[in-house]
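Q:
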Amino acid sequence: MTADRMIRIVTTEIRKNPELAGCNQQSFIGSVVQCSQLGLEPGNALGHAYLLPFNKNKKNPQTGKWEVVSKDVQLIIGYRGMIDLARRSGQIVSISARTVRDGDNFHFEYGLNESLTHIPGENEDSPITHVYAVAKLKDGGIQFEVMTKNR
């Protein structure tokens, strides 16, 4: 990605979230540089990464209360950015993420004989119970991770 493109994207992000303009410049520039180094685009367009303002708090020794001392920008890598980075690593043949809904035939097992089976039902409006990701590795292995809705 060119520097001009990154500048245009970041300018758009500031326009969409004016709070970014009031953040600590070092943290802002650091987040943008980190995004560039990783080759990820910030913003909702691709969902790779997000520049988010966070309050930096410190406890006041006199009052014992937490006070905002500055606003910093943090780079949050989205799941699409994680997938992109994993693919670019060269170790992943394919990777996918899925949702499991109430009524789906879903079973997984960890241990020495790990397995995962998911047969979706016709219940697109049912509540989500789990999400999972499956990665096929270059060496032929398969990795998966399952998370409950609450996790």
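In our numbering, the protein residues as written are 48 to 198.
For every residue, glycine included, the Cβ atom is placed at its ideal position computed from N, Cα and C.
Note that the structure is predicted; figures quoted are calculated from it, not measured.
Taking all protein chains shown into account, decide if Y126 is buried (16 or more other Cβ within 10 angstroms of its Cβ) or exposed.
A: exposed
Q: Whole angstroms is fine: what's the gap from R145's alpha carbon to T195's?
A: 12 Å
Q: With 8 Å as the threshold, decide whether the Cβ of V178 is near any Cβ in chain D.
A: Among the chains in the structure shown there is no chain D, since it carries only a single protein chain.
Q: Just the C-alpha distance for Y97 and I123, rounded to the nearest angstrom, thanks.
A: 5 Å
Q: Ignore the nearest five residues each way along the sequence and tell me which others in G150's own chain have a CB closer than 8 Å to its CB.
A: G168, N170 and S173
Q: Count the other CB atoms within 10 Å of the CB of A182; is the residue buried (16 or more) or exposed (fewer)?
A: It counts as buried.
Q: If you measure between the beta carbons of G86 and E60, is that distance less than 8 Å?
A: no
Q: Helix, strand or coil, according to DSSP, for D119 in the structure here?
A: Assigned with DSSP and collapsed to three states, D119 falls in strand.
Q: In whole angstroms, what separates the C-alpha of L163 from that of T58?
A: 44 Å
Q: Ends of the alpha helix (DSSP H) at S83?
A: Q72 to L85
Q: Taking the alpha carbon of E161 as the point to measure from, which residue in K103, G188, S78 and D51 has its own alpha carbon closest?
A: G188
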